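Peer 1:
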Amino acid sequence: MKALVKSRAEPGVWLEDVPEPEIGINDVLIRVCIAGICGTDVHIHRWDAWAQRTIPVPLVIGHEFVGEVVEVGSNVTGFAPGDRVSGEGHVVCGRCRNCMAGRRQLCAHSIGLGVQRPGAFAELVALPMTNVWHHWPRVPDEVAAIFDPLGNAVHTALTFPVLGEDVLVTGAGPIGCMSVAVARHAGARHIVVTDLGPGRLELARRLGATLAVDPREQDLGDVQRELGMTEGFDVMFEMSGNADALRSGIGQMAHGGRIAILGIPTAPVELDLDPVIFNMLTLRGIYGREMYETWYQMSVMIDSGLDIAPVITDRFAYTDYEEAFAVAGSGGAGKVLLDWREI
Ligand code: NAD
Ligand code: ZN
């Protein structure tokens with residue numbers, strides 16, 4: 098089958114013919130229809146320091162996808178050829194304390210699809226049945242293809258209650274923008290978004306931001322006054338991985354404010370803990386999606402009118418993957434999709 102493979106320890110990924118995945122008795126074999134390019138895939142393509150210490154070469158990459166079941170192992174129930182599914186990209190051990198207690202997202206030994214095991218930028222991908230999610234009928238295919246990053250946005254945005262609250266979102270990448278739409282759907286009042294790029298700020302407005310600003314041009318205190326806010330933001334989603342964004346956000350929070358941190362910094366971050374302590378802030382790290390409550394929440398919200406389709410800005414056939422990776426890595430696009438159906 099055709100697959101995008103990180104086959105050499107140097108920048109790039111390569112379209113190659115590789116053997117079809119073999120499935121065990123508990124596995125599901127899925128024909129990939131549409132896949133999404135994640136920032137992680139861009140890191141792997143660039144072969145930065147994180148990728149060099151993380152990715153075993155050679156490896157089929159990719160983890161965001163929607164596809165169709167083609168075969169199931171002899172022990173599999175509940176899935177049949179033809180089912181429309183996506184995969185949860187964290188394959189957990191099932192035996193550690195957290196897994197045994199049903200907190201699978203906290204597994205201490207999870208293995209990443211397309212990061213540590215063969216991924217979804219391929220005609221076929223195999224996953225254990227416990228990692229496969231049935232899509233509900235009203236979820237559009239392209240939205241189904243990005244349930245993985247939408248899950249990051251939903252997990253972050255619903256970690257703290259946002260009904261009636263004023264929310265600050267730092268970073269308007271695809272995940273930050275989707276979190277705006279989710280917070281809007283969940284009843285937030287003002288949603289202020291910061292980013293350094295005009296294209297990204299425009300995308301945030303399309304997904305429901307009250308105001309989207311470049312923090313180098315507009316002071317967040319002035320923004321609060323403009324909106325008639327008096328006590329600071331109640332909830333913040335850190336979606337940039339940028340230390341300045343986190344630090345300045347902390348200074349804009351109301352007493353008792355809550356901060357969910359999804360953005361991954363590229364280096365250790367120095368923080369002044371005074372406002373955290375004296376203003377009694379809560380900081381919570383967010384990783385992946387809750388298994389499988391986040392998947393349920395995504396399905397319910399899409400079913401009840403949440404529209405995140407505007408975050409998808411570019412579509413390519415998988416054979417044009419180099420162009421697709423260039424657009425995804427440009428920092429200006431929204432979500433970039435690769436079509437794996439016959440072309
Ligand atoms: P992205 O890189 O496309 O978006 C980040 C945005 O932050 C960019 O638009 C950038 O311009 C903006 N930014 C940079 N400095 C800023 C500043 N000082 N103030 C405001 N904005 C600033 O990333 P994405 O794909 O949307 O993902 C968001 C973040 O979440 C990334 O850091 C990514 O690595 C991380 N991530 C975490 C998880 C997890 O499970 N924790 C999963 C996926 C992605
Ligand atoms: Zn575990």
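When the letters of the sequence shown are read in order and numbered with the numbering used here, they come out as residues 98 to 440. Where a beta carbon is used, it is the ideal one built from N, C-alpha and C, also for glycine. Every value quoted in this text rests on a predicted model; they were computed, and no experiment measured them.
1) DSSP on E168, reduced to helix/strand/coil?
2) Check whether the segment 215–229 and the segment 185–194 are in contact - that is, three or more C-beta pairs closer than 8 Å.
3) What is the C-beta distance between I358 and I383, in whole angstroms, given that I count them as a contact (C-beta under 8 Å)?
4) DSSP on P225, reduced to helix/strand/coil?
5) Can you tell which of I374, L308 and V125 has the C-alpha that lies nearest to the C-alpha of G348?
6) With which residues is W111 paired in a DSSP beta bridge?
7) Under three-state DSSP, which class holds V345?
8) Given this structure, state the Cα-to-Cα distance separating M326 from A306, to the nearest angstrom.
9) Go ahead and label R281 buried or exposed: buried means 16 or more other beta carbons lie within 10 angstroms of its beta carbon, across all protein chains shown.
10) Which residue wins for smallest C-alpha separation from M57, given the options Y415, L434, D245 and E335?
11) Using only alpha-carbon positions, find the residue among P258, T253 and G402 that is nearest to T391.
12) Inspect the beta-carbon positions of L112 and T363 and report whether they are closer than 8 Å.
13) Nearest CA to the CA of G216: which residue from L126, T379 and G338?
14) Can you check which of these residues, P155, L368 and E299, is closest to R105 by C-alpha distance?
15) Is it true that the CB of I409 sits closer than 8 Å to the CB of L434?
16) Rounded to whole angstroms, how far is the Cβ of V290 from the Cβ of V277, which I believe are closer than 8 Å?
17) Helix, strand or coil: which one does DSSP assign to F422?
18) Going by Cα to Cα distance, which pick from A223, R235 and G209 is closest to G170?
19) Give the straight-line distance between the Cα atoms of E165 and A177, rounded to the nearest whole angstrom.
20) How about S207 and V236: are their beta carbons less than 8 Å apart?
21) Taking the beta carbon of P153 as the centre, do at least 16 other beta carbons fall within 10 Å, making it buried, or is it exposed?
22) Based on the DSSP output, what are the partners of E262 in its beta bridges?
23) Using a Cβ-Cβ cut-off of 7 Å (strictly less than) and excluding sequence neighbours within five positions of E387, which residues of its own chain qualify?
24) Following a CB-centred definition, is A205 positioned closer than 7 Å to any heavy atom of the ligand NAP?
25) Leaving out five residues before and five after I158 in sequence, what residues of the same chain have Cβ atoms less than 7 Å from its Cβ?
26) Spatial neighbours of N195 within its chain, please: CB distance less than 6 Å, with the 5 preceding and 5 following residues excluded, ordered by chain position.
Peer 2: Well, looking at it:
1) The residue labelled residue 168 in the question sits at position 71 within the sequence shown. Assigned with DSSP and collapsed to three states, E168 falls in strand.
2) yes
3) Your numbering for residue 358 matches position 261 in the sequence shown. Your numbering for residue 383 matches position 286 in the sequence shown. Rounded, the Cβ-Cβ distance is 6 Å, consistent with contact.
4) Taking the sequence shown and counting its residues from 1, the one referred to as residue 225 is at position 128. Shown here, P225 sits in a strand according to DSSP, grouped into three states.
5) For the purposes of this step, residue 348 is taken as residue 251 along the sequence shown, with counting starting at 1. Taking only the C-alpha atoms, the option nearest G348 is I374.
6) The residue given as residue 111 occupies position 14 in the sequence shown. Answer is V102, bridged to W111.
7) Residue 345 sits at position 248 when you count from the first residue of the sequence shown. The sequence as given places Ser at residue 345; Val does not occur at that position. S345 falls in the helix class under three-state DSSP.
8) On the sequence shown, residue 326 is found 229 positions in, with the first residue counted as 1. On the sequence shown, residue 306 is found 209 positions in, with the first residue counted as 1. Approximately 16 Å, taken between the alpha carbons.
9) Sequence index remark: in the sequence shown, residue 281 carries index 184 (1-based). It counts as buried.
10) As displayed, the chain neither begins before 98 nor continues past 440, which places residue 57 out of reach and without an answer.
11) Taking the first residue of the sequence shown as 1, we reach residue 391 at position 294. Among P258, T253 and G402, the Cα nearest to that of T391 belongs to T253.
12) Against the sequence shown, residue 112 aligns to sequence position 15. Against the sequence shown, residue 363 aligns to sequence position 266. Cβ atoms of L112 and T363: not closer than 8 Å.
13) Against the sequence shown, residue 216 aligns to sequence position 119. With distances taken between Cα atoms, G216 lies closest to L126.
14) If you number the sequence shown from 1, residue 105 lands on position 8. That would be P155, whose Cα lies nearest to the Cα of R105.
15) Taking the sequence shown and counting its residues from 1, the one referred to as residue 434 is at position 337. Taking the sequence shown and counting its residues from 1, the one referred to as residue 409 is at position 312. Their beta carbons are under 8 Å apart, which means L434 touches I409 by this criterion.
16) Stepping through the sequence shown from its first residue, residue 290 is reached at position 193. Stepping through the sequence shown from its first residue, residue 277 is reached at position 180. Rounded, the Cβ-Cβ distance is 6 Å, consistent with contact.
17) Numbered from its first residue, the sequence shown carries residue 422 at position 325. Looking at F422 - three-state DSSP - the assignment turns out to be helix.
18) Within the sequence shown, residue 170 is the residue found at index 73, counting from 1. Of the candidates A223, R235 and G209, the one whose C-alpha sits nearest the C-alpha of G170 is A223.
19) Translated into positions along the sequence shown, residue 165 becomes position 68. Translated into positions along the sequence shown, residue 177 becomes position 80. E165 and A177: Cα-Cα distance of roughly 9 Å.
20) Stepping through the sequence shown from its first residue, residue 207 is reached at position 110. Stepping through the sequence shown from its first residue, residue 236 is reached at position 139. No; because the gap between Cβ atoms is not below 8 Å, this pair is not in contact.
21) Position 56 of the sequence shown, counted from the start, is the residue given in the question as residue 153. Exposed, because fewer than 16 other Cβ atoms sit within 10 Å of the Cβ of P153.
22) As a working note, residue 262 is residue 165 in the sequence shown. In DSSP, E262 forms no bridge with anything.
23) Position 290 of the sequence shown holds residue 387. Within the same chain, E387 has close Cβ partners Q202 and H252.
24) In terms of ligand content, the structure shown lacks the ligand NAP and carries the ligand NAD and the ligand ZN instead.
25) Position 61 of the sequence shown holds residue 158. Cβ within range, chain order: L101, K103, V110, D138, I141, G211, G216 and F218.
26) Mapped onto the sequence shown, residue 195 falls at position 98. Sequence-distant partners of N195 (beyond 5 residues in either direction) whose C-beta falls short of 6 Å from its own C-beta, in its chain, are L203 and C204.
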